[in-house]
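S.K.: With the numbering used here, you'll find the sequence shown wraps up at 776, consecutive numbering, no jumps.
Sharing a structure, written as structure tokens. Questions coming.
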Amino acid sequence: ACDDTARPDPLPAPGSARAQDFFRSFRTPLAPAPLYDPPGPRRVGLQAGHWQNDQVPPELGRLQAGAVGGGKQEWQVNLDVAERPAALLQASGVEVDVLPATVPPRYRANLFLALHADGDPAGEARGFKVARPGFSSLPDVDDRLVAAFNQAYGVETELPRDDEHISLRMRYYYAFNSRRYCHAVAPGVPQAIIEMGYLTSAADRQLLIGDPDRLARGVAISIQAFLSTLP
């Protein structure tokens with residue numbers, strides 16, 4: 546059962562003595578799972594990172610607020626971008642859920658993508674990066690999803706890749722962690738997280754804030770490219 550009492554203990558504070566051991570305990574790969582492939586139209590979940598952070602259940606009680614830049618909070622940028630590829634995909638017959646920080650319990654779709662925008666205190670880093678779960682139940686499929694984004698999103702946006710800054714927080718993102726959390730994506734669902742660019746980079750903000758339709762096309766084209774590889 547999934548309810549507010551299922552996992553009452555929140556995430557350890559970032560950088561705390563407990564945090565390293567806590568997260569390491571969830572890095573063992575999940576058992577292989579069959580690909581979620583129900584009949585009917587394809588369904589995609591697009592999570593606008595940090596949106597409605599103030600409404601998360603107790604088990605997610607330590608989610609961070611996200612980056613800030615260009616007069617925008619990260620969640621505002623993530624939501625604005627998420628709604629745009631959703632419209633493009635829906636126009637082509639794909640069903641889309643635009644999801645807040647709280648993922649429905651054991652969420653299932655043909656693809657789950659968490660949309661985020663990064664921040665660099667020095668204001669120097671720029672570019673995008675994509676990661677799949679470090680404990681993926683579908684590693685080969687998730688690798689195809691990442692590859693689709695590295696190709697199509699990169700070409701459409703002309704943003705540089707920033708793979709050197711792919712973090713453990715990306716690879717072990719809370720919404721991937723169905724062992725730990727009730728409000729997480731189910732095994733067998735292809736899933737990834739993208740940092741679409743840096744809100745702290747003036748160059749990246751020209752897309753994140755100035756031309757979100759271009760990012761949206763990159764996201765939608767990448768998703769369609771991946772969906773075309775499914776059975």
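For every residue, glycine included, the Cβ atom is placed at its ideal position computed from N, Cα and C.
1) Can you give, in chain order, each stretch of the alpha helix (DSSP H) that sits fully within the segment 613 to 667 and has at least 4 residues?
2) Taking a contact to mean a Cβ-Cβ separation below 8 angstroms, would you say residue 730 touches residue 652 in this structure?
3) Run through the segment 668 to 737 for me and flag every whole alpha helix (DSSP H) of 4 or more residues, listed as ranges in chain order.
4) Hey, out of 646, 667, 629 and 706, whose CA is closest to residue 606's CA?
5) Less than 8 angstroms separating the beta-carbons of residue 659 and residue 643?
6) Do you know whose CA, among 708, 622 and 612, lies nearest residue 666's CA?
7) For residue 620, which option in 654, 696 and 741 has the closest C-alpha, if you only look at C-alpha atoms?
8) What's the C-alpha gap between residue 586 and residue 771?
9) Can you tell me whether residue 591 is buried or exposed? The criterion is at least 16 other CB atoms within 10 Å of its CB, across all chains shown.
10) Using a 10 Å radius around the Cβ and a threshold of 16 neighbouring Cβ atoms, would you call residue 563 buried or exposed?
11) Quick check: residue 626 and residue 634, are their CB atoms within less than 8 angstroms of each other?
12) From the DSSP output, read off the bridge partner residues of residue 591.
13) Where does the unbroken alpha helix (DSSP H) through residue 759 begin, and where does it stop?
14) Under the DSSP definition of a beta bridge, which residues are partnered with residue 604?
15) Nearest by alpha-carbon distance to residue 745: which of 712, 671, 688 and 581 is it?
16) Whole angstroms is fine: what's the gap from residue 758's alpha carbon to residue 580's?
17) Less than 8 angstroms between the C-beta atoms of residue 683 and residue 558, yes or no?
18) Do you know offhand how far residue 766's Cα is from residue 582's?
19) Compute the distance between the beta-carbons of residue 775 and residue 695, then report whether it is under 8 angstroms.
20) What's the C-alpha gap between residue 668 and residue 692?
M.R.: Let me spell this out:
1) Runs found: 619 to 636.
2) yes
3) Within the segment 668 to 737, the complete alpha helix (DSSP H) segments at least 4 residues long are 684 to 702 and 713 to 716, listed from N- to C-terminus.
4) 646
5) no
6) 612
7) 741
8) Answer to the nearest angstrom: the Cα atoms are 15 angstroms apart.
9) buried
10) exposed
11) no
12) 643 and 658
13) 757 to 772
14) Beta-bridge pairing links residue 604 to no other residue.
15) When each option's Cα is compared against that of residue 745, the closest is 671.
16) 31 angstroms
17) no
18) C-alpha separation (whole angstroms): 20 angstroms.
19) The answer is no: Cβ separation not under 8 angstroms.
20) 27 angstroms
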